[in-house]
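Residue numbers (the numbering used here), protein chains in the order written: chain A, 7 to 129; chain B, 201 to 438.
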């Protein structure tokens with residue numbers, strides 16, 4: 007968790023300090039990349055909470071999703087149809103799904119802890 | 201080892217995420233800054249007002265200078281017969297150029313776009329540049345000597361065309377959904393006959409506008425505001 011927050015801060019600082027110019031025509035790619043990142047992070051959190059986190063799945067998922075989404079954007083660009091919306095919608099729904107899982111796990115955990123503490127008091 | 205790798209991988213994704221996020225925010229901010237420097241409508245209209253004032257003042261200046269020139273010409277012409285003839289020629293050329301106000305018999309055509317009974321304004325352009333061109337052409341072909349549209353003198357070098365949402369006549373704008381007044385000096389009977397002849401006024405104009413004309417014994421047509429300057433044409437000497 008700490009690693010993640012440190013990474014986030016480093017990234018934000020880098021983005022503000024580095025003077026990298028990404029051409030305007032790549033903005034759909036950036037939007038896809040941002041949403042793929044959010045999806046991966048939420049996936050990681052939920053997997054971590056349900057203790058099924060596996061590094062290889064995480065990395066391959068992130069890279070693979072990003073590449074597939076970029077391909078969709080490129081295809082959409084070539085055909086003149088905004089196909090990348092499919093990727094945006096899918097990533098969006100996955101983010102909400104993962105968030106629901108996280109929510110449920112955290113709530114259950116809170117309940118569990120409370121029951122434990124209640125049991126302690128009963129003793 | 202595996203735990204550490206997993207943490208690092210998440211961190212790397214977070215770095216990418218943060219970078220993209222801040223980059224996008226930065227780009228948006230820069231775009232906003234750039235659009236903020238564009239002039240606002242109010243500023244532009246203020247500028248137009250100032251420029252119009254300037255134009256009026258400059259016009260007055262031109263008038264006073266031209267009257268001075270006229271005085272000099274009179275003084276020069278009173279000396280001998282030859283310069284008097286030259287002055288006569290000059291006057292003719294001035295009328296041709298539109299460099300002086302002229303008066304004489306002729307007629308005034310008023311074209312006013314029809315207002316729709318149903319309250320909604322006519323969609324599109326009720327008066328077009330080609331309509332005006334056709335009328336001006338007819339008038340010239342029956343010997344009109346001077347023509348003005350909404351006070352803009354038509355000279356040998358003025359063009360009539362549509363640009364964006366107005367008709368431009370020798371660099372001055374007139375609106376195509378406001379009444380237009382065409383003045384022409386010439387033989388008034390001939391001018392009227394030309395307008396009465398079926399087909400001389402375009403049909404589309406009849407559909408979209410009310411047109412009426414009246415002949416007068418004296419019409420005043422203003423001078424053109426254009427500066428006559430020849431950059432390319434040089435007389436061929438034999």
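All C-beta atoms, glycine included, are put in the ideal place defined by N, C-alpha and C. Since we're looking at a predicted model, the values are computed, not measured.
*For residue 8 of chain A, the residue or residues it bridges with in DSSP*: As a first step, residue 8 of chain A is located in the first chain; it is residue number 2 there, counting from the start. Note: residue 8 of chain A sits in no beta bridge, so no partner.
*asked:* Below 8 Å on the Cβ atoms is my contact criterion, and I expect residue 369 of chain B with residue 360 of chain B to pass it. Report the Cβ-Cβ distance as a whole number of Å.
replied: If you number the second chain from 1, residue 369 of chain B lands on position 169. If you number the second chain from 1, residue 360 of chain B lands on position 160. At roughly 5 Å, the Cβ-Cβ gap stays under 8 Å, so residue 369 of chain B and residue 360 of chain B are in contact.
*residue 410 of chain B bridges to which residues according to DSSP?*
Here residue 410 of chain B is taken as the residue at index 210 of the second chain, counted from 1. For residue 410 of chain B, which the question treats as bridged, DSSP gives the partners B:312.
*Using DSSP with H/G/I as helix, E/B as strand and the rest coil, what is residue 98 of chain A?*
Here the question's residue 98 of chain A lines up with position 92 in the first chain. If DSSP states are grouped into helix, strand and coil, residue 98 of chain A belongs with the helices.
_Cutoff 8 Å: residue 52 of chain A Cβ touching any chain B Cβ_ = Position 46 of the first chain, counted from the start, is the residue given in the question as residue 52 of chain A. False, the Cβ-Cβ gap to chain B never drops below 8 Å.
*Cβ shell of residue 418 of chain B (< 6 Å), same chain only, five flanking positions each side left out*: In the second chain, counting from the first residue as 1, residue 418 of chain B sits at position 218. Contacts found: 303.
*Determine the direct distance from the alpha carbon of residue 326 of chain B to that of residue 225 of chain B, and round the result to whole angstroms.*
Indexing the second chain from 1 puts residue 225 of chain B at position 25. Indexing the second chain from 1 puts residue 326 of chain B at position 126. Computed Cα separation, rounded: 48 Å.
*When the distance is taken between beta carbons, is residue 382 of chain B closer than 8 Å to residue 376 of chain B?*
On the second chain, position 176 is the one that residue 376 of chain B refers to. On the second chain, position 182 is the one that residue 382 of chain B refers to. No, the Cβ-Cβ distance between residue 376 of chain B and residue 382 of chain B is not below 8 Å.
_Limits of the beta strand (DSSP E) - the one that residue 73 of chain A falls within_ = Position 67 of the first chain, counting from 1, holds the residue named residue 73 of chain A. Per DSSP, residue 73 of chain A belongs to no beta strand (DSSP E); it is in the alpha helix (DSSP H), 61 to 85.
*Step through the CB atoms of chain D and report whether any lies within less than 8 Å of the CB of residue 66 of chain A.*
Absence of chain D from the displayed structure is noted, the protein chains being A and B.
_Any beta carbon from chain A within less than 8 Å of residue 211 of chain B's own beta carbon?_
Taking the second chain and counting its residues from 1, the one referred to as residue 211 of chain B is at position 11. It does: the Cβ of residue 211 of chain B has a partner Cβ on chain A nearer than 8 Å.
_Can you confirm whether the region 58 to 75 of chain A touches the region 10 to 29 of chain A when touching is taken to mean that 3 or more C-beta pairs between the two stretches lie within less than 8 Å?_
no
_Helix, strand or coil at residue 404 of chain B [DSSP, three-state]_ = Position 204 of the second chain, counted from the start, is the residue given in the question as residue 404 of chain B. Of the three classes helix, strand and coil, the one that applies to residue 404 of chain B here is helix, per DSSP.
*Cutoff 8 Å: residue 228 of chain B Cβ touching any chain A Cβ*: On the second chain, position 28 is the one that residue 228 of chain B refers to. So, not an interface residue.
*First through last residue of the beta strand (DSSP E) which encompasses residue 367 of chain B*: Residue mapping note: residue 367 of chain B aligns to position 167 of the second chain, counting from 1. First-last of the beta strand (DSSP E) with residue 367 of chain B: 366 to 369.
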